[in-house]
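S.K.: Below you will find the structure I want to go over with you.
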Amino acid sequence: MHRLPVSLLTVALSMALSPVAAEMARLELTAGFYRIEVEVAADDAKRMQGLMHRRSMPSNQGMLFVFPQAGPHCMWMRNTLLPLSVAFLDEDGRILNIENMQPQTEDNHCAARAARYALEMNLGWFSSKGIKPGSRVGGLDKSPAPR
């Protein structure tokens, strides 16, 4: 007799908690004098999903991709509806290069040298703030370890 209420409670709890589990970690970074709130993609599934299917993103928000190792990482825009700029960063948070990416394309946009992170922001965000290759992004030490 008590199985049904316990089962319903279990289902209800799992449904209520599942969106929370699917959310990405958030982190505050700095670039120049600017604060950026980012979602962190630190595992394969989240890095693959990225910003796909998003229709908008607030101006000082973005996504930080944390790679397991520094390397010649590349990004593309399959199923991504927003035009974006991506900054590839080294282990110390120095911007190696910035690439502008158009929505729903499969062109590769790659790091100029071995990158440990990629930071995606709305198209033109970096240039409008005077942030260029050689600039440093702070707060990366608080990012979750990649998986």
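In terms of mature numbering (1 follows the signal peptide of the UniProt record, and there is no 0), the sequence shown is residues -21 to -1, 1 to 126. Glycine included, C-beta positions come from ideal geometry on N, C-alpha and C. From a predicted model like this one, the values you see are computed outputs, not experimental measurements.
1. Measuring alpha carbon to alpha carbon, tell me which of Ala124, Leu119 and Met54 ends up nearest isoleucine 15.
2. Rounded to whole angstroms, what is the Cα-Cα separation between glutamate 85 and asparagine 58?
3. If the criterion is Cβ atoms closer than 9 Å, does the pair alanine 124 and alanine 21 meet it?
4. In the DSSP assignment, what residue or residues form a beta bridge with threonine 9?
5. Helix, strand or coil: how does DSSP classify glutamine 28 here?
6. Over what stretch of residues does the alpha helix (DSSP H) that includes serine 106 continue unbroken?
7. Out of Met36, Gln40, Asp69 and Asn39, point me to the one whose CA is closest to glycine 50's CA.
8. Of all the CB atoms in chain C, is at least one closer than 9 Å to the CB of isoleucine 74?
9. Thinking just about the alpha-carbon of each residue, which of Phe105, Ser107, Phe46 and Gly41 is nearest to the one in alanine 24?
10. Report the rounded CA-to-CA distance for methionine 56 versus proline 82, giving the unit in angstroms.
11. What's the call for phenylalanine 105, buried or exposed, on a 16-neighbour Cβ count within 10 Å?
12. Are methionine 54 and glutamate 18 touching if we call contact CB-CB under 9 Å?
13. By Cβ distance, which residues of its chain are closer than 6 Å to arginine 73, with the 5 residues on each side in sequence left out?
M.R.: Quick look at the numbers:
1. Leu119
2. 9 Å
3. yes
4. Arg14 and Gly117
5. helix
6. 104 to 107
7. Asp69
8. The displayed structure is made up of one protein chain only, and chain C is not part of it.
9. Phe46
10. 6 Å
11. buried
12. no
13. Arg115
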